[in-house]
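**Student:** Can you read through this structure? Questions will come right after.
2 protein chains.
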Amino acid sequence: MVPDGAMREPTFLILTALAAERLHGYGVMLTVESLSGGRVRLRPGTVYGALDRLEADGLVAPDGEALEQGRVRRYYRLTADGKRALAAETERMAANVRCARERLAGPGPREQGWVL
Amino acid sequence: MVPDGAMREPTFLILTALAAERLHGYGVMLTVESLSGGRVRLRPGTVYGALDRLEADGLVAPDGEALEQGRVRRYYRLTADGKRALAAETERMAANVRCARERLAGPGPREQGWVL
DNA sequence: CACGGATATATCGGTGACAAGAGTATTCAG
DNA sequence: CTGAATACTCTTGTCACCGATATATCCGTG
Chain A
259 MVPDGAMREP TFLILTALAA ERLHGYGVML TVESLSGGRV RLRPGTVYGA
309 LDRLEADGLV APDGEALEQG RVRRYYRLTA DGKRALAAET ERMAANVRCA
359 RERLAGPGPR EQGWVL
Chain B
259 MVPDGAMREP TFLILTALAA ERLHGYGVML TVESLSGGRV RLRPGTVYGA
309 LDRLEADGLV APDGEALEQG RVRRYYRLTA DGKRALAAET ERMAANVRCA
359 RERLAGPGPR EQGWVL
């Protein structure tokens with residue numbers, strides 16, 4: 259039923275943003291844009307949808323609401339499960355990166371007598 | 259209209275598999291399973307669908323058909339564009355990994371006086 | 001004051017990559 | 001004969017995400 263065992267980039271970056279600090283939805287948007295060097299600009303629908311989903315999955319949790327200058331700010335933090343999931347996802351991606359670099363570097367396996 | 263700028267894991271692993279050698283659909287399935295240490299088992303629908311899509315996008319190209327023992331084997335190879343796309347995707351993921359590790363490692367930004 | 005832009009959240013429709021699985025066909029081992 | 005492995009085709013369903021729209025407040029500028 260799960261569409262993909264692996265997390266997608268927006269979700270990964272949202273968890274990454276929350277790994278270092280407590281943030282509200284809009285703060286997540288700005289942090290992700292900053293973290294990615296401006297490459298990834300998340301839409302509101304993506305951020306708030308992901309936050310709801312991640313909360314339901316127990317990876318993030320509400321961390322207080324602040325009324326600042328008439329604006330409501332709903333803060334979120336990473337749970338222990340969220341931290342673990344992000345760490346696991348990071349190592350999985352690191353392994354894929356190593357693997358891809360290896361295969362991109364070599365001229366090919368046949369020429370090197372690799373055993374698959 | 260594009261659901262995600264970033265490539266998903268199955269697609270990434272299929273390109274990685276093809277980066278080092280010419281393969282047919284079933285060979286891609288086996289190679290991806292091996293590359294991922296058995297973690298990722300691609301379904302036929304995923305592999306052949308992805309191959310068609312990647313061919314339409316110019317990232318992979320048919321590389322001959324072989325009739326071996328009555329079975330047809332349709333081989334694919336990575337195009338120059340495909341190689342470039344995989345390399346770019348790899349570096350993008352590597353950047354995300356560095357970023358996530360950094361933010362997971364520290365106790366938090368407030369305590370360290372970071373400026374966001 | 002009027003205006004635009006930034007801040008901040010909510011929600012809806014659409015789409016595409018993928019999972020799941022059934023179906024077809026051949027080869028080979030037990 | 002049965003079952004596993006090889007090799008591909010097709011269909012159905014789903015979920016994350018994009019794009020867009022809506023709402024509301026605050027701030028700076030002319």
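Heads up: the protein sequence lines correspond to chains A and B, in order. Just remember that the working numbering sits 258 ahead of the position in the first sequence, which is counted from 1. Just remember that the working numbering sits 258 ahead of the position in the second sequence, which is counted from 1. Note that CB positions come from ideal geometry on N, CA and C, so glycine has one too.
1. From what residue to what residue does the beta strand (DSSP E) around residue 299 of chain B run?
2. Short of 8 Å in beta carbon distance, which residues of its chain neighbour residue 309 of chain A, apart from the five on each side in sequence? Order them along the chain.
3. Can you tell me whether residue 358 of chain A is helix, strand or coil according to DSSP?
4. Examine chain B for any beta-carbon lying closer than 8 Å to the beta-carbon of residue 267 of chain A, and answer yes or no.
5. So is residue 311 of chain A in contact with chain B if we call contact Cβ pairs under 8 Å?
6. Do residue 331 of chain A and residue 324 of chain A have their C-beta atoms closer together than 8 Å?
7. To test your reading of the DSSP string, which unbroken beta strand (DSSP E) runs of 3 or more residues are found completely within the region 300 to 351 of chain B?
8. Give me the Cα-Cα distance between residue 351 of chain A and residue 315 of chain B, rounded to the nearest whole angstrom.
9. Give the range of the alpha helix (DSSP H) segment to which residue 265 of chain A is assigned.
10. With distance defined between alpha-carbon atoms, name the residue in B:345, B:307, B:320 and B:346 nearest to residue 245 of chain B.
11. Would you please verify whether the beta carbon of residue 264 of chain A is less than 8 Å from any beta carbon of chain B?
12. Since residue 351 of chain A meets chain B, which of its residues come closer than 9 Å, beta carbon to beta carbon?
13. Could you pull the start and end residues of the alpha helix (DSSP H) that residue 285 of chain B belongs to?
14. Based on Cα-Cα distance, which residue from B:276, B:280, B:264 and B:292 lies nearest to residue 294 of chain A?
15. Express the C-alpha separation of residue 356 of chain B and residue 275 of chain A in angstroms, rounding to a whole number.
16. Taking only the alpha-carbon atoms, compute the straight-line gap between residue 326 of chain B and residue 281 of chain B and give it to the nearest angstrom.
**Tutor:** So, from the listed chains and residues:
1. Counting from 1 along the second sequence, the entry for residue 299 of chain B is found at position 41. That residue, residue 299 of chain B, is in no beta strand (DSSP E); it is neither H nor E in DSSP.
2. Along the first sequence, read from residue 1 onward, the residue named residue 309 of chain A stands at position 51. So the qualifying residues of the chain are 272, 283, 286, 318 and 334.
3. Here residue 358 of chain A refers to the residue found at position 100 of the first sequence. Reduced to three states, the DSSP call for residue 358 of chain A is helix.
4. Your numbering for residue 267 of chain A matches position 9 in the first sequence. So yes, residue 267 of chain A belongs to the interface.
5. As a first step, residue 311 of chain A is located in the first sequence; it is residue number 53 there, counting from the start. Not an interface residue.
6. As a first step, residue 331 of chain A is located in the first sequence; it is residue number 73 there, counting from the start. As a first step, residue 324 of chain A is located in the first sequence; it is residue number 66 there, counting from the start. Yes; because the gap between Cβ atoms is below 8 Å, this pair is in contact.
7. 318 to 326 and 329 to 336
8. Here residue 351 of chain A corresponds to residue number 93 of the first sequence, with the count starting at 1. Here residue 315 of chain B corresponds to residue number 57 of the second sequence, with the count starting at 1. Distance between the alpha carbons of residue 351 of chain A and residue 315 of chain B is about 24 Å.
9. For the purposes of this step, residue 265 of chain A is taken as residue 7 along the first sequence, with counting starting at 1. Run containing residue 265 of chain A: none; DSSP gives neither H nor E here.
10. No answer is possible for residue 245 of chain B: it lies beyond the span of chain B, which begins at 259 and ends at 374.
11. Translated into the one-based positions of the first sequence, residue 264 of chain A becomes position 6. Yes, contact with chain B.
12. As a position in the first sequence, residue 351 of chain A is number 93, starting the count at 1. Simply 267, 351, 352, 354, 355 and 358.
13. Within the second sequence, numbered from 1, the residue matching residue 285 of chain B stands at position 27. Note, residue 285 of chain B: alpha helix (DSSP H), 283 to 293.
14. Within the first sequence, residue 294 of chain A is the residue found at index 36, counting from 1. Residue 294 of chain A has its Cα closest to that of B:264, out of B:276, B:280, B:264 and B:292.
15. The residue you call residue 275 of chain A lines up with position 17 of the first sequence. The residue you call residue 356 of chain B lines up with position 98 of the second sequence. If I take the Cα positions, the gap works out to 13 Å.
16. Locating residue 326 of chain B in the second sequence gives position 68, where the first residue counts as 1. Locating residue 281 of chain B in the second sequence gives position 23, where the first residue counts as 1. Looking at the two C-alpha atoms, the distance is approximately 14 Å.
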